[in-house]
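Novice: Provided herewith is a single structure, encoded as structure tokens, for subsequent inquiry.
There are 2 protein chains.
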Amino acid sequence: MVKRTSFEGDACPIARALEAIGDWWSLLIVREALFGLRRFGEFQSKLGMAKNILSARLRALVDHGILETAPASDGSAYQEYVLTPKGRGVFPILVALRQWSEEFDDRPEEIATILVDRAKGRPVRKLELRAEDGRLLAPADTMLKPRPAPRRRSA
Amino acid sequence: MVKRTSFEGDACPIARALEAIGDWWSLLIVREALFGLRRFGEFQSKLGMAKNILSARLRALVDHGILETAPASDGSAYQEYVLTPKGRGVFPILVALRQWSEEFDDRPEEIATILVDRAKGRPVRKLELRAEDGRLLAPADTMLKPRPAPRRRSA
DNA sequence: TCCAATGGTTGCATTATGAAACTGATTGCG
DNA sequence: CGCAATCAGTTTCATAATGCAACCATTGGA
Chain A
996 MVKRTSFEGD ACPIARALEA IGDWWSLLIV REALFGLRRF GEFQSKLGMA KNILSARLRA
1056 LVDHGILETA PASDGSAYQE YVLTPKGRGV FPILVALRQW SEEFDDRPEE IATILVDRAK
1116 GRPVRKLELR AEDGRLLAPA DTMLKPRPAP RRRSA
Chain B
996 MVKRTSFEGD ACPIARALEA IGDWWSLLIV REALFGLRRF GEFQSKLGMA KNILSARLRA
1056 LVDHGILETA PASDGSAYQE YVLTPKGRGV FPILVALRQW SEEFDDRPEE IATILVDRAK
1116 GRPVRKLELR AEDGRLLAPA DTMLKPRPAP RRRSA
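Those protein sequences? They're chains A and B, same order as listed. For the first sequence, position 117 (counting from the first letter as 1) is numbered 1112 according to our numbering, and the numbering increases by one without interruption. For the second sequence, position 40 (counting from the first letter as 1) is numbered 1035 according to our numbering, and the numbering increases by one without interruption.
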């Protein structure tokens, strides 16, 4: 078999996330969905992607529990694709990607939009990783530990 | 031309980020690099990926300024791939992906590791998006604004 | 009713990916 | 030094994914 390697079943949570949303278009679809798009045609025209690919991606996102289909909210007989909580949970990933571009892109002047706090219209803060006690953590301040075995409860 | 659509030049910073690190393996390579890997063979054996693909990805990451090559630190004549600041800046993206899996994965028991604060050994906090004034922001509390017009300047 | 728009699917060409074989330097070792 | 093993890739070839265009079945509006 010479198919594309799947990360399903991989023990690394990053690989597992990529398995679900690591495709070329998936995150952009979720981005548009967070922005309010719901209909097939809306995604297709906004993203400018081929319809067969969009169709395949939507199905995959539904399979992964990121989107779900629902009857159209406008009364028509068509259906819509709406985000599940799992899908809305992708938001911080998108913010992280956006902020990375804003900080490191070689041609930041080509970036058209900035993410702002709706209430004040001011740019949002950078995402930052903090310890339980609030200390700011750089990569080197972190490490990976084996997941605690799910056995008896104790103190 | 029927090649894979490129997001280069796209005005969306998320698309631009995906152009650089949205490939199937790229983020995993950066993850390993953040973990300390530097040599071709280390990446290859740790990730278990085909050498030609690894070769292509490493070159692309170098082209994008995420990795750079350096003479080997152990005195050998080989070279190493080390993260640039732009590459280390990917860290929050990886954390966001990890936390998304931790929160929403269907089989969380298959996730082998947890990210902890090195100093205390305690799990890190969830990334959260905050406004300038510190308010916690949900997706609906944010919006996109056109980037402020660039200052008039010769180019 | 007729016809356009919607929401797909199918077919085919082009690209990307992957396994394995191959190459050429570098290194360890006797 | 001489030589085998290792390292870091490249090449080759088969298969999978992507993209475009054409097609088709419903839906919805006039």
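Just so it is clear, CB atoms sit at the ideal spot from N, CA and C, and this is done for glycine as well.
Tell me, which residues are paired with Lys1140/B by DSSP?
Specialist: On the second sequence, residue 1140/B is found 145 positions in, with the first residue counted as 1. Lys1140/B is bridged to Ile1109/A.
Novice: Closer than 6 Å by C-beta to Leu1022/B: which residues in its own chain qualify, once you throw out the five before and the five after it? Chain order, please.
Specialist: One-based indexing of the second sequence puts residue 1022/B at position 27. Same-chain partners within the cutoff: Ile1016.
Novice: Consult DSSP for Arg1011/B and reduce its assignment to one of helix, strand or coil.
Specialist: Reading the second sequence from its first residue, position 16 is the one you call residue 1011/B. Note: Arg1011/B maps to helix in three-state DSSP.
Novice: Any idea if Asp1018/A is buried or exposed, counting beta-carbon neighbours within 10 angstroms, 16 or more meaning buried?
Specialist: Along the first sequence, read from residue 1 onward, the residue named residue 1018/A stands at position 23. So Asp1018/A counts as buried.
Novice: Let's test the definition: count the other Cβ atoms within 10 Å of the Cβ of Tyr1076/B and tell me whether it reaches 16, buried, or not, exposed.
Specialist: Here the question's residue 1076/B lines up with position 81 in the second sequence. Taking every protein chain shown into account, the CB of Tyr1076/B has 16 or more other CB atoms within 10 angstroms, so this residue is buried.
Novice: Measuring straight from C-alpha to C-alpha, what distance separates Arg1083/B and Leu1029/B?
Specialist: As a position in the second sequence, residue 1083/B is number 88, starting the count at 1. As a position in the second sequence, residue 1029/B is number 34, starting the count at 1. Each residue's Cα considered, the two are about 7 Å apart.
Novice: Okay, do the segment 1054 to 1071 of chain A and the segment 1132 to 1143 of chain B touch, 3+ Cβ pairs below 8 Å being the bar?
Specialist: no
Novice: Alpha carbons only, please: which of Thr1108/A, Ile1048/A, Pro1066/A is nearest the one belonging to Gln1074/A?
Specialist: By one-based count along the first sequence, residue 1074/A stands at place 79. Comparing Cα-Cα distances from Gln1074/A to each of Thr1108/A, Ile1048/A, Pro1066/A, the minimum goes to Pro1066/A.
Novice: Is it the case that the Cβ atoms of Pro1087/B and Leu1122/B are separated by a distance below 8 Å?
Specialist: The residue given as residue 1087/B occupies position 92 in the second sequence. The residue given as residue 1122/B occupies position 127 in the second sequence. In contact: Pro1087/B and Leu1122/B (Cβ atoms closer than 8 Å).
Novice: Taking Cβ positions only, does Glu1033/A come closer than 8 Å to chain B?
Specialist: Residue numbering aside, residue 1033/A sits at position 38 when the first sequence is read from its first letter. At residue 1033/A the sequence reads Arg, which differs from the Glu that was named. So no, Arg1033/A is outside the interface.
Novice: Is the CB of Glu1105/B under 8 Å away from at least one CB in chain A?
Specialist: For the purposes of this step, residue 1105/B is taken as the residue at position 110 of the second sequence. Interface residue, yes.
Novice: Could you give the residue range of the alpha helix (DSSP H) that holds Ala987/A?
Specialist: This structure cannot settle anything about residue 987/A, because the visible part of chain A is limited to 996 through 1150.
Novice: In whole angstroms, what is the alpha-carbon distance linking Arg1125/A and Gln1094/B?
Specialist: By one-based count along the first sequence, residue 1125/A stands at place 130. By one-based count along the second sequence, residue 1094/B stands at place 99. Those two C-alpha atoms are separated by around 13 Å.
Novice: Report yes or no: is there a C-beta of chain A within less than 8 Å of the C-beta of Val1057/B?
Specialist: Within the second sequence, the letter at position 62 stands for residue 1057/B. Not closer than 8 Å to any Cβ of chain A, the Cβ of Val1057/B fails to qualify, so no.
Novice: At what residues does the beta strand (DSSP E) containing Ala1133/A begin and finish?
Specialist: For the purposes of this step, residue 1133/A is taken as residue 138 along the first sequence, with counting starting at 1. No beta strand (DSSP E) contains Ala1133/A, which DSSP labels as neither H nor E.
Novice: Val1119/B and Leu1131/B - do their beta-carbons sit closer together than 8 Å?
Specialist: Within the second sequence, numbered from 1, the residue matching residue 1131/B stands at position 136. Within the second sequence, numbered from 1, the residue matching residue 1119/B stands at position 124. In this structure, Val1119/B does not lie closer than 8 Å to Leu1131/B by Cβ.
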